[in-house]
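Contents: one structure, followed by commentary.
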């Protein structure tokens, strides 16, 4: 009673552990000034789909019009493809945008760190006062990365 059909809000899934770590990080760095934050280079990876349907298509039609072209929604296999990229940026500039041909694993990430992160950080922060920020994805924490 009193309820209506609604679309749910989409929110990122953040584990309790990561939620606590984020809060600890924010509390530990709350004193940072804008000048301090200018020394951070941020990075992340993302997948961009060329065609995506979230399934929320609605039409009005009569019972016998199910195959009428005006009542159809076309589809493609595998969402029509997409591209996965890794990138970084800082206060000062955009960093490299690196296409990734597959899911990012530790070996591929190590290659990105050596080929792109180190040169960017050395150029942008020559006195080694820069911080490289990543999101602690499993491939970022692999043993070969920390060695």
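Residue numbers (this note's numbering): 206 to 352. The beta carbon of each residue, even a glycine, is placed where N, CA and C say it ideally should be. If you're wondering where the values come from, they're calculated on a predicted model, not measured in any experiment.
**Item:** Residue of 263, 224, 339 minimising C-alpha distance to residue 278
**Value:** Minimum Cα distance to residue 278 is reached at 263.
**Item:** Runs of alpha helix (DSSP H) lying entirely within the segment 258 to 323, each at least 4 residues, in chain order
**Value:** Here the runs fully enclosed are 311 to 317.
**Cα-Cα separation, residue 321 to residue 269** = When rounded, the distance between both Cα atoms is 58 Å.
**Item:** Neighbourhood of residue 293 by C-beta, 6 Å cutoff - its chain only, sequence neighbours within 5 removed
**Value:** Non-local beta-carbon contacts of residue 293 in its own chain, meaning distances under 6 Å to residues more than five positions away in sequence, involve 246, 248, 300 in chain order.
**Asked** Can you tell which of 272, 250, 267 has its C-alpha closest to the C-alpha of residue 193?
**Response** What is shown of the chain runs 206 to 352, which leaves residue 193 out entirely.
**Message:** Which residue wins for smallest C-alpha separation from residue 308, given the options 252, 224, 232, 240?
**Reply:** Answer by Cα proximity: 252.
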